[in-house]
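**Q** For what it's worth, our numbering labels the leading residue of the sequence shown as 48, then goes sequentially.
To start, I am sharing the structure in question, which I have written as C-alpha cells.
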Amino acid sequence: MRKTIYREPPTCAKAGRFSTMAGDTRSCCSGERATVSDGAATQLRLLDYEQVRKLDQVLNDVVPIHGRGNFPTLQICLKSLVQMVRKRLSEEGIPLRDVRLNGSTASYILSDESAFCYNDLDLIFGVSLDSASDLQRIKDMVLDCLLDFLPCDVRKERISPLTLKDAYVQKLVKIANENDRWSLISLTNNSGRNVELKFVDRMRRQFEFSVDSFQIVLDSLLSFYEHSEVEMTQHFYPSVIAESVYGDFPLALFHLHNRLIATRNPEEIRGGGLLKYCNLLVREYNPACHAEIKSLERYMCSRFFIDFSDIVQQQQKLEKYLNNHFVGDEEAKYRYLVTLRRVIQESTVCLMSHERRQTLRLIDCMAYNIYCGLQHRNQVMNSSGPPSPNGVLYPGQGYFYDGNSSSFFITNAYPTWISCQ
C-alpha cells in the first residue's frame with residue numbers, strides 16, 4: 048500500500064478560492080526569467096530548469112506509431128512532428144495561437160514523483176476554424192505529414208490519405224456546435240502511448256479532474272530549438288509557462304503532489320469522468336473532499352449512462368478504455384473493473400433496476416474473463432504445487448475463486464464481491 052505524505056496546502060487551497068487569468072505574460076530564450084502578473088498567478092506558473100529539461104526529453108523521445116497490416120512502424124520524434132504541423136498550418140493559411148502539451152504528460156512534467164507514469168501524448172494546437180471545411184483540411188494536412196516519416200523505400204505517391212488513415216489513425220473525432228469546435232486525430236501506439244493531436248478553436252470543457260488540468264505552452268521552447276545555437280543549461284533555458292485550466296494552479300498542483308481527486312460539474316464531461324475517476328482510485332488517489340464525493344459519483348454515473356445508454360455502447364467503451372490504459376496489466380484491469388462495479392452499484396440512481404443489473408452483469412463477465420486468465424497464468428507458473436482443495440487463492444493479491452459456485456471474491460482489497468452465474 049502506498050504511503051502518502053501530505054504537504055501543507057496552499058493558502059488558496061485552504062480558503063477554497065478560485066481566480067481567473069488576468070494580465071499578460073512574456074517568454075524569453077535567455078537566462079533572464081520572465082514574470083507572471085499577480086492576476087494570473089493562481090492560474091499560471093513558470094517551469095523551473097528540471098521541469099524544462101524533462102519537457103525537452105519528452106519532445107525529443109522517438110515514439111513508434113504502429114501500422115495495421117503490412118504498413119511499417121513510423122519512428123516519430125514528437126518535436127519534429129510538432130514543427131512539421133506548425134509549418135503546414137502556416138502554409139495552409141490557418142492561424143495558430145499556440146501549441147500546448149496537455150493531460151497526463153503535462154502532469155508528469157510537473158510531478159516530483161519519480162514513478163509517475165503517463166499514457167497518451169496529448170498536443171493541443173490552438174487554431175481559428177472558420178468553417179467545417181477547415182477541419183477536413185487539417186485532417187488531410189496531418190495525414191500528409193505522416194508521409195515524411197515513412198521509410199525511403201516506400202512509394203509514397205501511391206498512398207492516399209484514406210489509406211494512411213486506415214493504417215495509422217486509431218481515433219478520429221470532429222466536433223462542431225455552438226460551444227465546441229475542435230477535432231482530434233489519435234495516432235496508434237500498441238503500447239498505449241498514442242500521439243493525440245487536438246486542433247481547438249473553442250472547447251467548453253478542457254479537463255476532467257484537477258490533476259489532469261495542466262497545459263504547458265510549447266511555443267517558447269520550440270523557438271529556442273529553432274533559433275538558439277547554445278545548448279540548454281541550468282543558467283540558460285527558455286521561459287516555459289504552464290497553466291491549469293482548473294482555475295487554481297497551486298491547488299491543482301497540491302492535488303497532483305498528494306494524489307487527491309477533485310473536479311467541478313462532472314455532468315459537463317462526456318461520460319461524466321466516471322472511467323477516469325475509477326482509474327484514479329485504482330492508482331491509489333483519494334478524494335480531496337469525502338463529504339462531496341458521493342454526490343459527485345452520482346453525477347458521474349448519470350452522465351455516463353446518458354452518453355452510453357446502450358449495453359453495446361457500454362461494452363465497447365469499457366473495452367477500449369481497458370485496452371488503452373492498462374496495456375499488458377491484467378491485474379490492474381481486474382482491480383479497475385471491481386472498483387467500477389462498486390461505484391456503479393453504490394451511486395447509480397438514474398437507471399431502472401433491470402438496466403443497472405444488466406450493466407453490472409457486463410462488468411461481472413469482463414472481470415471474470417480477466418480473472419480466469421490470471422488464474423490460468425498462476426497455475427502454469429506454480430504447476431508443481433497442488434491447488435487449494437476449497438478454492439484457489441491468487442498469491443499476494445487477495446483474489447479467491449470458488450470453483451463450486453463459479454463465483455469469485457476479493458478477500459482483503461475491496462469490500463465487494465462479483466458473481467457470474
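Ideal Cβ positions, reconstructed from N, Cα and C, are used throughout, including at glycine.
Quick check on Leu-176: buried or exposed, where buried means 16 or more other Cβ atoms within 10 Å of its Cβ?
**A** Position 129 of the sequence shown, counting from 1, holds the residue named residue 176. When all chains shown are included, Leu-176 counts as buried.
**Q** Establish whether the CB of Leu-365 and some CB of chain C are separated by less than 8 Å.
**A** The structure shown contains no chain C; it is built from a single protein chain.
**Q** Just to confirm my understanding: we take Asn-333, look at its own chain, exclude 5 residues before and 5 after, and list those with CB closer than 7 Å. What are they?
**A** The count along the sequence shown starts at 1 and reaches residue 333 at position 286. Excluding residues within five positions, the ones whose Cβ falls inside 7 Å are Arg-306, Leu-307 and Ile-308.
**Q** Please check the pair Arg-133 and Leu-143, which I expect to be a contact at CB under 8 Å, by giving their CB distance rounded to whole angstroms.
**A** On the sequence shown, residue 133 is found 86 positions in, with the first residue counted as 1. On the sequence shown, residue 143 is found 96 positions in, with the first residue counted as 1. Arg-133 to Leu-143, Cβ: 6 Å. Contact.
**Q** Less than 8 Å between the C-beta atoms of Val-329 and Tyr-415, yes or no?
**A** As a working note, residue 329 is residue 282 in the sequence shown. As a working note, residue 415 is residue 368 in the sequence shown. Contact: no.
**Q** Below 8 Å, can you find three or more Cβ-Cβ pairs linking the stretch 283 to 301 to the stretch 317 to 328?
**A** Touching, no.
**Q** Using the three-state DSSP reduction, which class does Ser-77 fall into: helix, strand or coil?
**A** Here residue 77 corresponds to residue number 30 of the sequence shown, with the count starting at 1. Because Ser-77 sits at a pLDDT of 40, beneath the cut-off of 50, its placement in the model cannot be relied upon, and the point is left open.
**Q** Sort out for me which residues DSSP pairs Phe-246 with in a bridge.
**A** Taking the first residue of the sequence shown as position 1, residue 246 is located at position 199. According to DSSP, which records beta bridges pairwise, Phe-246 is partnered with Phe-172 and Ser-230.
**Q** For the beta strand (DSSP E) that contains Gln-122, what are its first and last residues?
**A** On the sequence shown, residue 122 is found 75 positions in, with the first residue counted as 1. From DSSP, the beta strand (DSSP E) with Gln-122 extends over 121 to 124.
**Q** Just to confirm before moving on: does the CB-CB distance between Ser-154 and Leu-321 stay below 8 Å?
**A** Counted from its first residue, the sequence shown places residue 154 at position 107. Counted from its first residue, the sequence shown places residue 321 at position 274. Not a contact, by the Cβ cut-off of 8 Å.
**Q** Name the residue from Glu-378, Asp-411, Ser-342 and Asn-149 whose alpha carbon lies nearest to the alpha carbon of Val-396.
**A** Residue mapping note: residue 396 aligns to position 349 of the sequence shown, counting from 1. Measuring from the Cα of Val-396, the nearest candidate turns out to be Ser-342.
**Q** For Asn-236, which three-state DSSP category applies?
**A** Working through the sequence shown from its first residue, we reach residue 236 at position 189. Asn-236 falls in the coil class under three-state DSSP.
**Q** When the Cα atoms are used, what is the spatial distance from Asn-370 to Arg-311?
**A** Along the sequence shown, read from residue 1 onward, the residue named residue 370 stands at position 323. Along the sequence shown, read from residue 1 onward, the residue named residue 311 stands at position 264. Cα to Cα, Asn-370 sits roughly 27 Å from Arg-311.
**Q** In chain order, which beta strand (DSSP E) runs of at least 3 residues are fully inside the stretch 312 to 353?
**A** Here no run is fully enclosed.
**Q** Under three-state DSSP, which class holds Thr-395?
**A** By one-based count along the sequence shown, residue 395 stands at place 348. Coil at Thr-395, not helix or strand.
**Q** Between which residues of its own chain and Leu-106 is the CB-CB distance below 6 Å, once the five residues before and five after are set aside?
**A** Along the sequence shown, one-based indexing puts residue 106 at 59. Closer than 6 Å at Cβ, skipping near neighbours: Leu-125 and Lys-126.
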